[in-house]
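Notes follow the structure.
Protein chains in written order, with our numbering: chain A, 10 to 301; chain B, 35 to 794; chain C, 68 to 229; chain D, 57 to 138.
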């Protein structure tokens, strides 16, 4: 019987073991919507494919005292239909359910979107703005790290060879919080983001921003958290001046490239525009108790 | 929604003008319809093509020995397996391709002329083995400098694709080779005198980039060589007689030895009027005797199958203050891709065809460059020319302070006038089509901020040509219509309807089928908006012959004279009062056909003349996001002079499909090349065609006030006109919405934002 | 590539076949089970012509490996008509000329069925965004959207999905 | 006698400068033979690469099509379609 080149482990441990034992190149499969395209184009020819979709821990959404733990292989379509999650994190769910078509949504997962390492991945800026945490398992055991620590550059992550992203934890939400994600695509659907911007903020009773995080997609080798942009919003009620300060910080942080989807000048300019719009939506959602 | 003026009902027609369900529909909605890649034969091999990674290179050596030795590989071919052929012209719906170019485009000989150009092909027992075999083929190239931009390719110092190419249409005949394959001139009157008299002169330079037809079905075929030299091919194409002819010529075979079966075709739009895979698959099959299936990947379709030209359109218009255009000078520079044959000739003739301009000259250049060989794309050449002319006319309207439709009506061609390309118009309804848009609610609907409305017109010749059709009557009084024109847009329905109308039968009793090359007479391909006109004419004439035969048989039965028999509503009536006889229905006559001469059927072959040209006028509302440069199409209405709509739903479908392709062409579709001339977006992700959520409903107005007298039911070609106006309609709408005139396509967000910020 | 035994329920029928570990579900349906109604337009999940429903979820079969279908239910275009009676979507597509060449039609019908299973009364915009993953080059989408909405109305009148 | 017009350069290459020619012909076939006789090569060129409009109606390869005594005949490039 030829060397096994496809396995569907039932537990995280079995998956880690299979990866550790593998002699040739390996590829993890969660939704498969990126891996299958790479296989088809011949860009990757892994000796072993490890399909994670049958591992219970990687599927589904659990809430733990206000925080949500999302299985890394959970299809985005499932997240879109999770009422409590959509109410608590409208921005994250917007980003997750923008990925590809309804057909792609039926398979694509946050884990795949993150670990594929595309700088333009839609869900990553929203997860970073949300302060989400990656739960990772591997030969050295369980560890956690902020989402922004996972991407290492186009197509690369900081995960060790036999490590698996098990889940993503969205922290408990303080009251009067709201997040939003916007992206620029030439069409209305089916495109990779030319620019993506996510804003997550919390306001006090008077609507003054007490905390804010801003993250961008497709303007650098990885998704970017822009602390100066978040800081520019804190203490304001999103007046025009605060928005402009935030947009300036966003544009200063951009290090995009010219490619078939957009130019440096365009991405930098529009990153500021989208961040401003996302901030207003997040603020509106926060002031309405986060239900908007 | 669709306020089609149904002249059909006014003339007592019972089937033509209705909206029956197409006879072949069930197979297509249940997944049973067989397209090219669905054909499966016992012992079938998989064929794959090795393609050039370079945009321009000499082929020094091809070593296929390792590939031939790989277990599971049954055949390997290169251009050495094709006979050397001459440069006779080939009928491809466009007629300007030559045999040697078609052959060299199927398998490169001596040089590769674009990244993706086929160099060799293998057939193996599985696609996995075929792919491995491709890796084992080594090709030694001498890479040459390449050129893609049309004006760069025209420059004297540009890299030459073909050292033996001299510009045709220039006297005296040039002595130095050039990438300019041909120069054409269409002229009338005295342009200098015209411009001297003009009170206002407006000039503009407009640029379009190459776009692809975008059919969702990749090219596919199965070829099976016979041990006795008689071969079979199953393929999705716009004309399997054309496929047969090209395969025979490329491989040096006789037409009678190649039988081509029509699979269903998953869209063509002109792009499946040539051959890429069929001769290669047949060559592979002849080496091993087994059926070989070849299906292009989507990447291959973009890399190696015919897009239309990218072009430069320079327009200069001279007009009087009252809006009369007295002079026009247009220059068209079109990319032909690797081999000569861009649609610059047709584009030159269509450019000013809508307008009665006394002094006009249109100069066209057909320019080869290191891109896939151009193929026809729906009214080939006209959308590019119209983008320039209709944009310039819109700018002229602004300069003159005239309503853009009034300006067009003032200059519109009317019946009896002579077109710039020479022929005079007979039954046309261009002015009525313009007025229909002007009267449409959308033309006066209020617009919000950052919104704008654009108008544009379009013309196409439409062609006739050779067609064959047969009508067979069954013993139970039903009928079957047989033609050989692949049904892309519902033509089986219109063929069955025209036969039913002529026979006086309800549509439910008429079936329509598409026959292979041995089962019906020759027909030119499906394209050029010709099928309903030309093949429809053959269908009606065949049905008329059946009716004459039925009347003869009734006369025989009643023992009266043939001219004492009338045929109405599917039955024969005797006009000789002395004979009290009941009418004889088709069923009655068919069930006793043996006694009156045998089976009832007729086949007609003809060369249809007098195809009526079509005119379209579109209005488009857009909204532009000033901060991101994104354009959204809010509302769209297309009116068209259609002669008479045989099946209105499928005519509306032609308008709606052409509009959607035109909008994609205007807003987001383009090829992106890297510095080495390699395509960067060979896929539907980054070659952005409109998706369902990008578009509004597309309203249509079918103008039926000028039926074509040369067609039994007044039909004109309708398939190609709809793609001509949208490019300028969108650009003109964007100008009204933003004040910025975009003269280059596509009007993508980055380009529009740059223009809005003044860097445009 | 090795081949593995796969057991699945396809259009209500239990099937067993050998699928390659690098073979897409699309290729398995077409080449192993001869269900050629599901089409390949791109092979990269960008055109929707290969749409199928796996365990009730609309997916691109070109983006799934054949072994992933083991133990799952797969619905393809061939299963939409039940006992030879066409689904209202199939009937409306024919009546409204919502197809021309018909190559993308199987994908649109499967995707539209998945929509109406979830949302029996979709707005035009909801239909357009749900079907944005299905490319059509012939029709300009107008008649497809109308046919889906009319089929939805017909099914609501007949008392919900069949 | 039919009055022959042409707006296209490629014809002028054979006929010199004349844009308007009077030709004796009763059918398209006769016209082509007459053109070949008076301007060698033009007949073959028209046959292969051009279409003929008779009183506004375009004909291709229609050798038998009649030409009236005062018909207006125009030579135009062959038109294809996509």
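Glycine included, every Cβ here is placed at the ideal spot set by N, Cα and C.
About 5 Å separates the Cβ atoms of residue 233 of chain B and residue 354 of chain B, confirming a contact at the 8 Å cut-off. Boundaries cannot be given for residue 676 of chain B, as no alpha helix (DSSP H) includes it and DSSP labels it neither H nor E.
Close to chain D, meaning a Cβ-Cβ distance shorter than 7 Å, are the following residues of the stretch 373-398 of chain B: 379, 380, 383.
One finds 218, 220, 379, 380, 382, 383, 455 in chain B with Cβ atoms closer than 9 Å to the Cβ of residue 133 of chain D, taken in chain order. In this chain, the beta strand (DSSP E) harbouring residue 146 of chain A covers 142-146. Annotation: the continuous beta strand (DSSP E) that includes residue 176 of chain B extends over 172-177.
Against chain B, the beta carbon of residue 271 of chain A has neighbours under 7 Å at 784, listed in chain order. By the CB criterion at 9 Å, residue 411 of chain B and residue 133 of chain D fall outside the cutoff.
Inclusion of residue 421 of chain B and residue 721 of chain B in the CB contact set at 9 Å is not warranted, their separation being larger than that value.
In its chain, beyond the 5 residues on either side, 184, 187, 188, 213, 214, 215, 367, 368, 369, 370, 376 have a beta carbon closer than 8 Å to the beta carbon of residue 401 of chain B. Per DSSP, reduced to three states, the secondary structure at residue 714 of chain B is coil, with no helix or strand assignment. For the C-beta of residue 173 of chain C, the chain B residues within less than 7 Å are, from N- to C-terminus, 65.
Excluding five sequence positions before and after residue 552 of chain B, the CB atoms of its chain that fall closer than 6 Å to its own CB belong to 293, given in chain order. In this model, residue 90 of chain D and residue 71 of chain D are separated by some 13 Å (Cα to Cα). The criterion of a C-beta distance shorter than 9 Å is not satisfied by residue 460 of chain B and residue 751 of chain B. In the displayed model, residue 601 of chain B falls within a strand according to three-state DSSP. Interface flag for residue 337 of chain B against chain A is unset, since no Cβ pair is found closer than 9 Å. Taking the Cα of residue 712 of chain B as reference, the smallest distance to any Cα among B:80, B:57, B:181, B:143 is reached at B:181. In the structure shown, residue 214 of chain A falls within a coil segment according to DSSP collapsed to helix, strand and coil. Looking at the DSSP output, residue 501 of chain B bridges to B:640. Judged by DSSP secondary structure, residue 46 of chain A falls within the alpha helix (DSSP H) whose first and last residues are 44-50. Contacts with chain C at 9 Å (Cβ-Cβ) include residue 60 of chain A.
By the Cβ rule, the stretch 200-220 of chain C counts as touching the stretch 679-694 of chain B, because three or more pairs are nearer than 8 Å. Setting aside the 5 residues that flank it on each side, residue 119 of chain B is surrounded in the same chain by 133, 134, 137, each with a C-beta closer than 6 Å to its C-beta; the list follows chain order. Secondary-structure assignment with DSSP links residue 213 of chain B through no beta bridge to anything. When DSSP assignments are scanned along the stretch 94-122 of chain B, the uninterrupted stretches of alpha helix (DSSP H) that are 4 or more residues long and fall wholly within it turn out to be 99-103. Scanning its chain for C-beta atoms nearer than 6 Å, with the 5 sequence neighbours on each side dropped, one finds around residue 671 of chain B the residues 474, 476, 653, 733, in chain order. For residue 94 of chain D, the enclosing alpha helix (DSSP H) covers residues 84-94. Interface criterion not met: the Cβ of residue 150 of chain C is under 9 Å from no Cβ in chain B. Burial of residue 222 of chain A is indicated by the presence of at least 16 other C-beta atoms within 10 angstroms of its C-beta. Note on geometry: alpha-carbon atoms of residue 599 of chain B and residue 574 of chain B lie some 20 Å from one another. If you draw a straight line from the Cα of residue 112 of chain C to the Cα of residue 199 of chain C, it comes to about 12 Å. Taken in chain order, the unbroken stretches of beta strand (DSSP E) that lie wholly in the stretch 175-250 of chain A and span 3 residues or more are 186-193, 204-212, 218-226. According to DSSP, residue 493 of chain B shares a beta bridge with B:649.
The stretch 24-37 of chain A and the stretch 49-59 of chain A touch, with no fewer than 3 CB-CB distances between them shorter than 8 Å. Look at residue 153 of chain B here: in three-state DSSP terms it is strand.
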